[in-house]
Amino acid sequence: MGRGRVQLRRIENKINRQVTFSKRRSGLLKKAHEISVLCDAEVALIVFSTKGKLFEYSTDSCMERILERYERYSYAERQLLANDTETCGSWTLEYAKLKARIEVLQKNLRHYNGQDLDSLSLRELQNLEQQLDSALKHIRSRKNQLMYESITDLQKKVKASLTS
């Protein structure tokens, strides 16, 4: 026995709306994963809850790379339509693009600070860990370089004070 069709309209009850959002969001994320696996497609999915919380899914490649690819594609499309549109429309698109980029960067910053990690998959957590390990290696390398330079300078000063 199949389910009946649900009439598409806003759910008035706040709790029911939240439960439905949660269930449908997980179903949507599952479908995005399925199409990426079955069809070997690059998929990026971005969903904002009514409270503004970000939920996202991207295939093995990172979200930023897919968004940059989308931006390049949409930029080429805009160039074709540029003859027909005025500056106002392009400013609106640019604003939206920059706003989306800021949100992605803020989300990444929260992840780098160890916040909002619940929405990340195992692969995304492994990528984040790898990025943090790499950054830590660069920091340690720079710190060691500065310490070495400082010791060298101090040795020169000691040597100079002993010879004078």
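Residue numbers for the sequence shown follow the UniProt record's numbering, so the first one is 1 and each next one is one higher.
Cβ coordinates follow ideal geometry from the N, Cα and C atoms, glycine included.
For clarity, every value in this text was computed on a predicted model and none was experimentally measured.
Compute the distance between the beta-carbons of residue i and residue j, then report whether it is under 8 Å.
i: L109; j: L117; result: no
i: F55; j: V43; result: no
i: L67; j: V104; result: yes
For residue i, does the count of other Cβ atoms within 10 angstroms reach 16, so buried, or fall short, so exposed?
i: Y148; result: exposed
i: T59; result: buried
i: S164; result: exposed
i: L45; result: buried
i: S36; result: buried
i: A32; result: buried
Considering only residues of the same chain and omitting the five flanking positions on each side of residue i, which have a CB-CB separation below 8 Å?
i: S119; result: L54, F55, E56
Under 8 Å by Cβ, that's how I've got residue i and residue j pegged, so tell me the actual separation to the nearest angstrom.
i: K97; j: E64; result: Between E64 and K97 the Cβ distance is about 13 Å, and since that is not below 8 Å, they are no contact.
i: Y112; j: L132; result: 7 Å
i: I11; j: R17; result: 4 Å
i: N127; j: C62; result: 7 Å
Taking the DSSP output, what are the residues bridged to residue i?
i: S36; result: DSSP output for S36 lists no bridge partner at all.
i: S74; result: According to DSSP, which records beta bridges pairwise, S74 is partnered with nothing at all.
i: V47; result: F55
Ignore the nearest five residues each way along the sequence and tell me which others in residue i's own chain have a CB closer than 7 Å to its CB.
i: Q7; result: none
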